[in-house]
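Below is one structure, written out as structure tokens, with a few remarks after it.
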Amino acid sequence: MKEITLNQLYDIMYSYLDPNGWWPGRSDWEVIWSTVLIQNLNFPHQKEL
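In structure tokens form, the structure reads like this:
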């Protein structure tokens, strides 16, 4: 896997997820860390595929 900086990650995510400004974070830091936190959530009631 290629290593990238947090700024590069933000730019990639922004280009896919936030073209209209709907992302709830107000700063780059909030957007990046909210995605990290969401990835680590556990959804025990989620149906298995």
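Numbers given in the working numbering equal positions in the sequence shown, counted from 1, plus 1.
Built from N, CA and C at the ideal position, the CB exists for glycine as well.
Just so it is clear, the structure is predicted and the values come from calculations on it, not from any experiment.
In the displayed model, I13 falls within a helix according to three-state DSSP. Here E4 carries a coil assignment [DSSP, helix/strand/coil].
In the DSSP assignment, L38 falls within the alpha helix (DSSP H) that extends over 29-40. Rounded to the nearest angstrom, the Cβ distance from V37 to Y11 is 12 Å, too far for a contact under 8 Å.
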